[in-house]
Amino acid sequence: MATARDKTMTNKKKIVLLPGDGIGPEIMRAAVRVLKGCAAEFGHEFDFAEFPFGGCAIDATGVPLPAETLAACKAADAILLGAVGGPKWDAVPLTKRPESGLLGLRKALGLYINLRPIDLHASLMGLSPLRADRASDVHIDFVRELAGDIYFGKHHVEADPSGERATDEAVYTTAEVERVAKYAFARAESRKGKLASVDKANVLTTSQLWRRTVTRMAADHPNVKVEHLYVDNAAMQLVLAPAQFDVILTSNMFGDILTDLGAALAGSIGLIPSMSCGPGPSLYEPIHGSAPTLAGKDVANPVGMILSAALMLRESFGMKHEAEWIESAVDRVFASGVRTPDTVEPGTTKVGCIEFGERLMAEMTKASKREHTGA
Ligand code: IPM
Ligand code: MG
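In my numbering, the protein residues as written are -12 to 362.
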């Protein structure tokens, strides 16, 4: 009988690692172990190269996104990012903060699509703040626009008789809305065929442009059922009846807020992966932050980071079986009651970040690769 290895083409991939700050390095180590296990199991060759980014890069080089880091990212097949920021750099001016490195990287790589899948794991239902009847069957793909809006408009402070006057400009062009909407329509077509576009078209001209553009494109996608929601209503619907959603398309600012809400529905923000893509290499990161108070204590949840690595395998490298091998092992570890502190429930076993990774590796090794390849 042929083995998986015989059937799978060996793939060589260059992966740039940006562990960043806080818990970033710990969760990155867990994800890299999983990827090394995957490479060994399926006969791939992953080349890892680590670069400074965020607060640690400010400390080492004076800037959050050093030129060498950006050059490596541009030349990579994919990029894995832990998290950036922390109180240490709070006093740094806005344009020089770790977060500005992240925005700079998104801009420089042209990452205009941000996919944030919110899937409520069956064995973690008890963690959701939602009532059980509302928490079942929640699988939402958020498509957040990532390269425009109030994030990238002019930011300006001037004198004012009362003290100061601050302005943040929000801008969208037709082309910017079209390119991200195109992705969201395709995503909906590959899922349940439902697309909810979220805006504030009763107040904002950028939102009116957004709604006009999505409405026009809907005519070319008769197989996708499109609805438009105001962002305030969308926030309420996400809490009251989240199972109604399939793909949610929204702008950069609204997407930032709604995806944290979405992550909270899953029970812990530590569980959610993300992908950012544009014309070049894609970037994968958990949606949580650097959690400075948890750093160095071996209590961080590595699942968001590990699932980001799995998303990378599937979306950037076309390695569907490999991604499923990891994701299904994560589900089984949860089902077995092994939990990091943020997901502990009565009757479960609390483990640290390192041990969670070890349990996961053991679970992956147990599962025959044949199960996932049909070999
Ligand atoms: C996110 C984060 C970032 C954002 C910050 C760190 C700049 O909150 O990825 O959601 O606002 O986009
Ligand atoms: Mg955010």
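A virtual CB, placed ideally from N, CA and C, is assigned to each residue, including glycine.
Report task. Consult DSSP for F285 and reduce its assignment to one of helix, strand or coil. Result -> With the sequence shown as reference, residue 285 is identified as Asp, and Phe is not the correct amino acid for it. In the three-state reduction of the DSSP assignment, D285 falls in the coil class.
Query raised in the report: Taking C-beta to C-beta, are R166 and Y99 nearer than 8 angstroms?
Result: In contact: R166 and Y99 (Cβ atoms closer than 8 angstroms).
Report task. Would you identify the three-state DSSP class for D243, choosing helix, strand or coil? Result -> D243 sits in a helix when the DSSP states are folded into three classes.
Query raised in the report: For I10, which three-state DSSP category applies?
Result: Note: I10 maps to coil in three-state DSSP.
Query raised in the report: Buried or exposed: where does G334 fall if 16 or more other Cβ atoms within 10 Å of its Cβ makes it buried?
Result: Exposed, since its Cβ has fewer than 16 Cβ neighbours within 10 Å.
Requested in this report: Could you tell me the distance, in whole angstroms, from the CA atom of V211 to the CA atom of R16?
Outcome: So the two alpha carbons sit approximately 40 angstroms from each other.
**Report entry** For T160, three-class secondary structure by DSSP
**Finding:** Look at T160 here: in three-state DSSP terms it is coil, with no helix or strand label.
Requested in this report: Under 8 angstroms by Cβ, that's how I've got G72 and E86 pegged, so tell me the actual separation to the nearest angstrom.
Outcome: Correct: roughly 6 angstroms between the Cβ atoms.
**Report entry** For A171, the nearest candidate out of I10, C264, C340 and V79 (CA to CA)
**Finding:** Among I10, C264, C340 and V79, the Cα nearest to that of A171 belongs to C264.
Query - Nearest-angstrom beta carbon gap, F232 and I127 [assumed within contact, 8 angstroms] - result: The C-beta separation of I127 from F232 comes to about 5 angstroms, placing the pair in contact by the 8 angstroms criterion.
Requested in this report: Could you check if R118 is buried or exposed, using at least 16 other CB atoms within 10 Å of its CB as the buried criterion?
Outcome: When all chains shown are included, R118 counts as exposed.
Query raised in the report: From V218 to A316, what distance separates their C-alpha atoms?
Result: Rounded to the nearest angstrom, the gap between the Cα atoms of V218 and A316 is 36 angstroms.
Query raised in the report: What span of residues does the alpha helix (DSSP H) with F343 cover, start to end?
Result: Note, F343: alpha helix (DSSP H), C340 to K353.
Report task. Give the DSSP-derived three-state secondary structure of N220 in the structure shown. Result -> Per DSSP, reduced to three states, the secondary structure at N220 is helical.
Query raised in the report: Would E132 be called buried (16 or more neighbouring beta carbons within 10 Å of its own) or exposed?
Result: The residue in question, E132, is buried, as its Cβ has 16 or more Cβ neighbours within 10 Å.
Query raised in the report: Between which two residues does the alpha helix (DSSP H) harbouring H363 extend?
Result: No answer is possible for residue 363: the residues shown for the chain start at -12 and end at 362.
**Report entry** Counterpart residues of M262 in DSSP-defined beta bridges
**Finding:** M262 is bridged to L102 and Y271.
Query raised in the report: Taking Cβ positions, are S261 and I244 nearer each other than 8 angstroms?
Result: Judged by beta-carbon spacing, I244 lies beyond the 8 angstroms limit of S261, meaning their Cβ atoms are not closer than that value.
Query raised in the report: At what residues does the alpha helix (DSSP H) containing R178 begin and finish?
Result: Element bounds for R178: n/a, residue is neither H nor E.
Query - Rounded straight-line distance, which links the Cα of F241 to that of Q195 - result: Distance between the alpha carbons of Q195 and F241: 14 angstroms.
Report task. Apply the 10 Å Cβ neighbour rule to P289 and answer buried if 16 or more other Cβ atoms are within range, or exposed otherwise. Result -> It is buried - the Cβ of P289 has at least 16 other Cβ atoms within 10 Å.
Requested in this report: Give the straight-line distance between the Cα atoms of I14 and L68, rounded to the nearest whole angstrom.
Outcome: A straight line joining the alpha-carbon of I14 with that of L68 spans about 10 angstroms.
Requested in this report: Go ahead and label P209 buried or exposed: buried means 16 or more other beta carbons lie within 10 angstroms of its beta carbon, across all protein chains shown.
Outcome: By the 10 Å Cβ count, P209 comes out exposed.
Query raised in the report: What residue does the beta strand (DSSP E) around A70 start on, and which one ends it?
Result: Unbroken beta strand (DSSP E) run through A70: A65 to A70.
Query raised in the report: Which of the three DSSP states, helix, strand or coil, is assigned to A36?
Result: Here A36 sits in strand by DSSP.
Query raised in the report: DSSP state of L22, grouped into three classes?
Result: In the structure shown, L22 sits in a helix (DSSP, three-state: H, G or I).
Query raised in the report: Do the region 30 to 40 and the region 105 to 118 meet, that is, are 3 or more Cβ pairs less than 8 angstroms apart?
Result: By the Cβ criterion, the region 30 to 40 is not in contact with the region 105 to 118, since fewer than three pairs of Cβ atoms, one from each stretch, lie closer than 8 angstroms.
**Report entry** Touching by the beta-carbon criterion (3+ pairs, under 8 angstroms), the region 301 to 309 and the region 329 to 345
**Finding:** Contact between the region 301 to 309 and the region 329 to 345 is absent, because fewer than three Cβ pairs lie under 8 angstroms.
Report task. Select from A222, L89, V19 and N189 the residue whose C-alpha is nearest the C-alpha of A70. Result -> If you compare the alpha carbons of A222, L89, V19 and N189 with that of A70, the shortest gap goes to L89.
Query raised in the report: Do I274 and the ligand IPM come close, with the Cβ less than 7 angstroms from some heavy atom?
Result: It does: the Cβ of I274 is within 7 angstroms (strictly closer) of some heavy atom of the ligand IPM.
Query raised in the report: Can you give the Cα-Cα distance for G387 and P148, rounded to whole angstroms?
Result: Residue numbering for the chain in the displayed model covers -12 to 362; residue 387 lies beyond these limits and cannot be assessed.
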